[in-house]
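Just below is one structure, and these are the notes that go with it.
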Amino acid sequence: GQIHTSDALIGYVQALLLRSRQHAGVRVGLSPRAGIALLRAAKAYALLLGREHVLPEDVQALFVAVAGHRLVPEAESSSGPALAKALLHSVPVD
Numbered sequence: 002g003q004i005h006t007s008d009a010l011i012g013y014v015q016a017l018l019l020r021s022r023q024h025a026g027v028r029v030g031l032s033p034r035a036g037i038a039l040l041r042a043a044k045a046y047a048l049l050l051g052r053e054h055v056l057p058e059d060v061q062a063l064f065v066a067v068a069g070h071r072l073v074p075e076a077e078s079s080s081g082p083a084l085a086k087a088l089l090h091s092v093p094v095d
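Just add 1 to the spot in the sequence shown (first one is 1) and you have my numbering.
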């Protein structure tokens, strides 16, 4: 069957993308294509777990893997995965 994503979940992903573009430590944030990749990965993850819907926890479980290499930090001392973790902690789930 089809794996469902709620409007609230899509809003959460959009908030993560937006925050990545506004974060002071990020030189290059996440694109809409990164959001699509994240949603696709979360749908596959939910399917593997036997669910027909995506939970915020699915997005959170995959965010660093999907987004970490796409984020370009301002400082050389930082890393994309570290920024991805910080972004996750800065965006609440509604």
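Cβ atoms here follow ideal geometry from the backbone N, Cα and C, with glycine treated the same way.
One thing to note: His24 has its Cβ no nearer than 9 Å to the Cβ of Ala66. For the 9 Å CB-CB criterion, Leu72 and Gly81 form a contact. The beta-bridge partner set that DSSP reports for Pro74 consists of Val27.
Excluding sequence positions up to five before and after Ser79, its CB lies within less than 8 Å of the CB of Gly26, all in the same chain and listed in chain order. Close CB contacts of Leu48 within its chain, under the 6 Å cut and outside five residues either way in sequence, are with Ile4 (chain order).
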